[in-house]
Amino acid sequence: MKFIDEYRDGNAARQYADAVRRIITRPWTLMEVCGGQTHAIVKFGIDELLPKEVTLVHGPGCPVCVTPLEQIDKALLVSSWPGVIFTSFGDMLRVPGSHTDLLTKKAGGADVRIVYSPLDALKIARDNPGKQVVFFAVGFETTAPANAMAVFQAAQEGLENFSILVSHVLVPPAMEAILGAKGNLVQGFLAAGHVCTVMGYTEYEPLAAKYQVPIVVTGFEPLDILQGVYMAVKQLEEGRHEVENQYARAVRRDGNLPAQHVIKEVFEVVPRKWRGVGEIPHSGLGLREAYRNFDAEIRFGLGDMHVDEPPECLSGLVMQGRLKPNECPAFGSMCTPEHPLGATMVSSEGACAAYYRYRRIAVEQDSVRS
Amino acid sequence: MSTPTTPAFSCPVPVSRHEHVLLGHGGGGQMTQLLLEQIFLPAFSNAALDARHDGAALLIGGLRLAFSTDSYVVKPMFFPGGNIGTLAVNGTVNDLAMCGARPQFLSTGFIIEEGLPIETLRQVVASMQLAAAAAGVQLVTGDTKVVDRGKGDGLYVNTAGIGIIEAANPIAPSSVRSGDVILLSGDIGRHGMAVMAAREGLAFESEIESDCAPVAAPVLNLIEAGLDVHCLRDLTRGGLASALVEIAETSRLHLGIEDALIAVREDVRGACEILGLDPLYVANEGRFVVFVPEAEAELALEVLSAHAVSANAMAIGRVTQDPRGLVTLKSLIGVTRIVDRLSGEQLPRIC
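Here the protein sequences come in this chain order: P and G.
In this text, residue positions in the first sequence follow this note's numbering: the first is 73, and each later residue adds one.
In this text, residue positions in the second sequence follow this note's numbering: the first is 44, and each later residue adds one.
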């Protein structure tokens, strides 16, 4: 398949891994930021090809995983309101709040619907003037433009029965929080390619300079990731710390300007709590004053809510690269995809779920080559 | 890697955390498995059921019969490549074929929602008749119920069927042996993506049509050719991965497959990539796997490739002893990993 097969070629993958092996002289720890990259690494076994000097730790870039418990509880609350149609991307439905999840609410009679785009939610609002339609606006800079566009269009049309429950987060502040934390292990980043298609990578330049870490904007296919690792290791070995772009086929330095424009029109930067990590300043998006009447928290008076995480769940450490999923004492015993303690075990992009699915048991690497 | 934790066997999860049935309980994954193991199997346990095959193998008056049933609730009722009627006939015909049986007679039950256009019912029934004729079966008994408007999705169809088992040896997961080769009858993922695209109004570059088709003819040919078929399984709900996981668990053997050998049509792969779905778990309605001894694999492929429905059959892996009860997949870049059952349904991801 065009633009996929070329990036999954086994021989080329081994060549890239060998290239890393040739230039590496000491151990380095790299973090891939995005959950999509984590999933690809574990699914294809990319880390198994790399020399043992390279440690890949998994970053906070799974939108489902970082959405704080109180936002999920708010979603559950508003989905039970009479006359509400609650719309969401599919993988948020399984994430447990304090007591239940949206799939269970749906089974109990709540009108919860999976949509593929916030614009589909807008259409549901147009088609159901007697109902209140709420869209769960989660995700990073990648989903922000479409979510902003939905609000922008709703405002243009004067649609009064549409609102969004916002839990948007931004990548660069999270990377800075990881770099600035005591005991940080991360020496280089593979930045999230899709986020950069929207935002470009100028935001990373001050980070690379301040913390002296290489940041390589990286795609999601095996060869993308291997090339990203090669570029980051090369910089580390040469004592450089620059922002480089591995994903040049999709990312430009300035990103997608019309997309950024609609984000700025509708959203402003706000402090945001990250599940398992805590509040990070300037790390989220909230609706601007002019669009505040589309804020579901205000419309439904959801107000302040504070919920504690289960103490057994160490997903915060996993998302900061301090702990590998299989090093968590609850992994695979108290915490499984059927009974998750934290969102990292729920989402298909969550590091714990990826390890559970593909690495619950160590597999002999030659078992199918008989 | 310091992982080893035993899979769910040693530490059964309680009837999970759910007090009500969720849609995921019907997804063919781990949640469905829990319903089976904790509710149905303990209640009905008997030798035929406990074999956990696509249909029951029964001995009645010296005659070996296969008996199977399935209900169809597909939404939308009509999709590219078929409709609820063709699905209902082919689904049960294929379940019987997976027992090594020649399908003979079907029953059908219609649960119709008040207000369904008679013309729609006529079209569904006409397609059922065509599908039955193509598969060489007769619909010999049936039932009709009408429910209040709003209490059903237009139309639900149930079929049950019986057939005479022609295979000499039992075809079941327990007959799988170390050294067997795993054959896959064609490309995977088409039915699931065709229905999803039609249901959600997703427009892809080309229209994906379902692979819905009867597969009894190639299966019976395998048996007529004297091949020692150890196990057959059609890859419906839960897809190739779920079928193999179940066979690995039941046989307590290791099934090793290779990603590079599994065909997925380009448009299906594209649609799966966009939605974040894994074709290994997407439903098929005309695909099956065959387990045969290695010495017979080549002849089996020859037989399969003579039929349009299995013209592109391929060997995708083999059975070994260890690691017991597991399916592993060699990825495109040559690294081996576990293939697991999904928890509930595959949900499209955020970005």
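C-beta: ideal position from N, C-alpha, C; glycine also.
Point to revise | Limits of the alpha helix (DSSP H) - the one that P:K146 falls within | key: Locating residue 146 of chain P in the first sequence gives position 74, where the first residue counts as 1. From DSSP, the alpha helix (DSSP H) with P:K146 extends over L141 to S151.
Practice item. Please name the residue, chosen from P:E316, P:G155, P:L141 and P:G131, that lies closest to P:A197 on a Cα-to-Cα basis. Key: For the purposes of this step, residue 197 of chain P is taken as the residue at position 125 of the first sequence. Closest option to P:A197, Cα to Cα, is P:G155.
Practice item. Say whether chain G places a C-beta atom closer than 8 Å to the C-beta of P:R80. Key: As a working note, residue 80 of chain P is residue 8 in the first sequence. Yes, because at least one Cβ of chain G sits closer than 8 Å to the Cβ of P:R80.
Practice item. Determine the burial state of P:N219: buried for a count of at least 16 other Cβ atoms within 10 Å of its Cβ, exposed for fewer. Key: Locating residue 219 of chain P in the first sequence gives position 147, where the first residue counts as 1. Flag for P:N219 reads buried.
Point to revise | Pick from P:C424, P:K177 and P:Q392 that is closest to P:F403, judged by C-alpha positions | key: By one-based count along the first sequence, residue 403 of chain P stands at place 331. Per the Cα distances, P:C424.
Practice item. Using a Cβ cut-off of 8 Å, pull out every chain P residue sitting near G:D383, in sequence order please. Key: Residue 383 of chain G sits at position 340 when you count from the first residue of the second sequence. The answer, in chain order, is Y428, R429, Y430 and R432.
Practice item. State yes or no: is the C-beta of P:L128 within less than 8 Å of the C-beta of P:V92? Key: As a working note, residue 128 of chain P is residue 56 in the first sequence. As a working note, residue 92 of chain P is residue 20 in the first sequence. Going by C-beta atoms, P:L128 is not nearer than 8 Å to P:V92.
Point to revise | Where P:C106 sits in the DSSP three-state scheme | key: The residue labelled residue 106 of chain P in the question sits at position 34 within the first sequence. Looking at P:C106 - three-state DSSP - the assignment turns out to be strand.
Exercise for review: Identify, in the order they occur along the chain, each residue of the same chain with its Cβ nearer than 6 Å to the Cβ of G:D138, setting aside the five sequence neighbours on each side.
Suggested key: Here residue 138 of chain G refers to the residue found at position 95 when the second sequence is read from its first residue. For G:D138, where only same-chain residues beyond five positions count, the Cβ hits under 6 Å are D97, G98 and S111.
Check your understanding: What residues in the region 110 to 121 of chain P bring their beta carbon closer than 8 Å to a beta carbon of chain G?
Key -> V114, K115, F116, G117, I118, E120 and L121
Exercise for review: Determine which residues of the region 80 to 113 of chain G have a Cβ less than 9 Å from any Cβ of chain P, and write them out in chain order.
Suggested key: none
Practice item. Provide the residue(s) that pair with G:K373 in DSSP beta bridges, ordered along the chain. Key: Mapped onto the second sequence, residue 373 of chain G falls at position 330. G:E301 and G:T379.
Review point. G:Q166 versus chain P: which residues are under 7 Å apart at the beta carbon?
Key: The residue given as residue 166 of chain G occupies position 123 in the second sequence. The contacting residues do not exist; G:Q166 stays about 27 Å from chain P at best.
Review point. Chain G beta carbons: is any one of them nearer than 8 Å to that of P:A415?
Key: Residue numbering aside, residue 415 of chain P sits at position 343 when the first sequence is read from its first letter. No, P:A415 lies away from the interface with chain G (no Cβ there is under 8 Å from its Cβ).
Review point. In its own chain, which residues sit with a C-beta less than 8 Å from the C-beta of P:A112, not counting the 5 before and 5 after it?
Key: Sequence index remark: in the first sequence, residue 112 of chain P carries index 40 (1-based). Excluding positions up to five away in sequence, the list reads I118, F292, E293, P294 and I297.
Check your understanding: Taking only beta-carbon atoms, is G:L304 less than 8 Å away from chain P?
Key -> In the second sequence, counting from the first residue as 1, residue 304 of chain G sits at position 261. It does not; no Cβ of chain P falls within 8 Å.
Point to revise | Euclidean distance between Cα positions of P:Y273 and P:D380 | key: Your numbering for residue 273 of chain P matches position 201 in the first sequence. Your numbering for residue 380 of chain P matches position 308 in the first sequence. C-alpha separation (whole angstroms): 35 Å.
Review point. Would DSSP call P:D81 helix, strand or coil?
Key: Your numbering for residue 81 of chain P matches position 9 in the first sequence. In the structure shown, P:D81 sits in coil (DSSP, three-state: anything other than H, G, I, E or B).
Check your understanding: At what residues does the alpha helix (DSSP H) containing G:V325 begin and finish?
Key -> By 1-based counting over the second sequence, the position of residue 325 of chain G is 282. No alpha helix (DSSP H) holds G:V325; DSSP gives it neither H nor E.
Point to revise | alpha helix (DSSP H) segments (min. 4 residues) lying fully within the region 338 to 393 of chain P | key: Counting only runs of 4 or more, we get 368 to 371 and 387 to 391.
Review point. Where does G:R361 sit, in a helix, a strand or coil, going by DSSP?
Key: Taking the first residue of the second sequence as 1, we reach residue 361 of chain G at position 318. G:R361: strand per DSSP, three-state reduction.
Point to revise | Reduced DSSP secondary structure (H/G/I, E/B, other) of G:F87 | key: On the second sequence, residue 87 of chain G is found 44 positions in, with the first residue counted as 1. G:F87: helix per DSSP, three-state reduction.
Check your understanding: The beta strand (DSSP E) spanning P:V136 covers which residue range?
Key -> On the first sequence, position 64 is the one that residue 136 of chain P refers to. Segment P135 to V138 is the alpha helix (DSSP H) holding P:V136; no beta strand (DSSP E) there.
Point to revise | Close Cβ partners of P:D183 (< 6 Å) along its chain, the five nearest in sequence each way excluded | key: Position 111 of the first sequence, counted from the first residue, corresponds to residue 183 of chain P. Within the same chain, I157 come within 6 Å of P:D183 by CB-CB distance, once the 5 residues on both sides are set aside.
Exercise for review: Identify which residue in P:S419, P:R432, P:G393 and P:F372 has its Cα closest to the Cα of P:W153.
Suggested key: Position 81 of the first sequence, counted from the first residue, corresponds to residue 153 of chain P. Comparing alpha carbon positions, the residue from P:S419, P:R432, P:G393 and P:F372 closest to P:W153 is P:F372.
**Study point:** Given P:Y188 as reference, the closest of G:A314, G:L372, G:R192 and G:L275 once Cα atoms are compared
**Key:** As a position in the first sequence, residue 188 of chain P is number 116, starting the count at 1. Answer by Cα proximity: G:A314.
Practice item. Leaving out five residues on either side along the sequence, give the residues of the same chain with a beta carbon under 6 Å from the beta carbon of G:G235. Key: As a working note, residue 235 of chain G is residue 192 in the second sequence. Once the five neighbours on either side are set aside, the close Cβ partners of G:G235 are V325 and A326.
Check your understanding: If the cut is a Cβ gap below 8 Å, which residues of chain G does P:T290 touch?
Key -> To locate residue 290 of chain P, count along the first sequence from 1; it is residue 218. Here the premise fails: no neighbours, minimum Cβ distance about 15 Å.
Check your understanding: According to DSSP, is G:I205 helix, strand or coil?
Key -> The residue given as residue 205 of chain G occupies position 162 in the second sequence. Strand.
Review point. What are the complete alpha helix (DSSP H) segments, minimum 4 residues, inside the region 122 to 169 of chain G?
Key: 127 to 140
Practice item. Give a single yes or no on whether G:L66 has its beta carbon closer than 7 Å to a heavy atom of the ligand SAM. Key: This structure simply doesn't include the ligand SAM, nor any ligand for that matter.
**Study point:** Below-8 Å beta-carbon distance, G:S374 vs any chain A residue
**Key:** Absent here is chain A; the protein component of the structure consists of chains P and G.
Review point. Hey, is P:F410's beta-carbon within less than 8 Å of any beta-carbon in chain G?
Key: Position 338 of the first sequence, counted from the start, is the residue given in the question as residue 410 of chain P. One point to set straight first is that residue 410 of chain P is Glu, not Phe, in the sequence displayed. Taking Cβ atoms only, chain G reaches closer than 8 Å to P:E410, which makes this a yes.
Point to revise | Per-residue DSSP class, three states only, for G:A256 | key: Residue 256 of chain G sits at position 213 when you count from the first residue of the second sequence. Coil, per DSSP.
Review point. When Cβ atoms are compared, which residues of the region 266 to 296 of chain P fall closer than 7 Å to chain G?
Key: H266 and P294
Review point. For G:E289, which of G:L164, G:D302, G:C274 and G:K118 has the nearest alpha-carbon?
Key: Within the second sequence, the letter at position 246 stands for residue 289 of chain G. The shortest C-alpha separation from G:E289 is found at G:C274.
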